[in-house]
Structure formats: C-alpha cells, structure tokens
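For the sequence shown, the numbering used here begins at 160 and goes up steadily by one. Using N, Cα and C, we set each Cβ at its ideal position, and we do this for glycine too. Nothing here was measured: the structure is a model prediction, and the numbers come from that model. Below is one structure; the comments refer to it alone.
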Amino acid sequence: MKLRSTFLRASLAAALGLGMGAWAQTPHSDKETKADIERHRAMAAAHAAAAQCLESGKGSEACQKDLQAACKTLAIGKYCGMKHGH
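Take a look at the structure:
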C-alpha cells in the first residue's frame with residue numbers, strides 16, 4: 160500500500176509539474192508584450208515618484224498612500240508589485 164501511495168504522489172507531482180511548465184511557456188502576443196512594457200514603465204514611474212516623495216520629507220505614510228493611488232490599476236497588492244524590508 161505504501162508503494163502505491165508513493166507512486167500516486169510522484170505521478171501527481173509529475174503531472175502538475177508538466178502542466179505548469181506548459182502554462183509558463185505560453186508566448187505573449189506583441190500586443191500583450193507592449194501592454195506589459197507599458198505597465199512596467201508606469202510602475203517604475205510610480206516608484207520613482209514615491210522615492211522623490213520620501214526625499215522631500217513628506218513622510219512614509221503619505222508617500223505610501225500616493226504610491227497606492229498611482230498603482231491602483233497597475234499592480235496586485237498595496238505595494239505596487241514590490242515589497243521590501245526595512
């Protein structure tokens with residue numbers, strides 16, 4: 160019974176791995192790639208603005224709110240696609 164259980168787990172892991180590999184390699188169209196590039200540029204601009212905000216002395220909380228507003232439709236989560244430690 161233990162051998163069968165091990166075999167089933169290994170088979171499931173292999174099937175999931177192959178499925179994820181195929182999904183990850185799906186090519187983007189030129190239109191999708193251009194949209195990704197624009198999103199990355201917009202996110203970079205929002206992060207640059209957040210850095211300038213902090214440099215101005217405005218305060219971390221206010222700058223974080225500005226970043227969240229700028230990234231509302233760009234990225235997932237409240238850190239605009241990037242979270243770092245302090």
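Secondary structure of A234 (DSSP, three-state): coil.
A straight line joining the alpha-carbon of A228 with that of P186 spans about 31 Å. Using a 10 angstroms sphere on the CB of A209, the tally of other CB atoms reaches 16 or more, which defines it as buried. A straight line joining the alpha-carbon of G236 with that of S215 spans about 25 Å. Linking K217 to C230 through their CA atoms gives a straight-line distance of about 19 Å. Shown here, T185 sits in coil according to DSSP, grouped into three states, outside any helix or strand. Residue L226 holds the alpha-carbon nearest to the alpha-carbon of A205 among M241, G240 and L226.
Take the alpha-carbon of R198 and the one of E191: they are about 11 Å apart.
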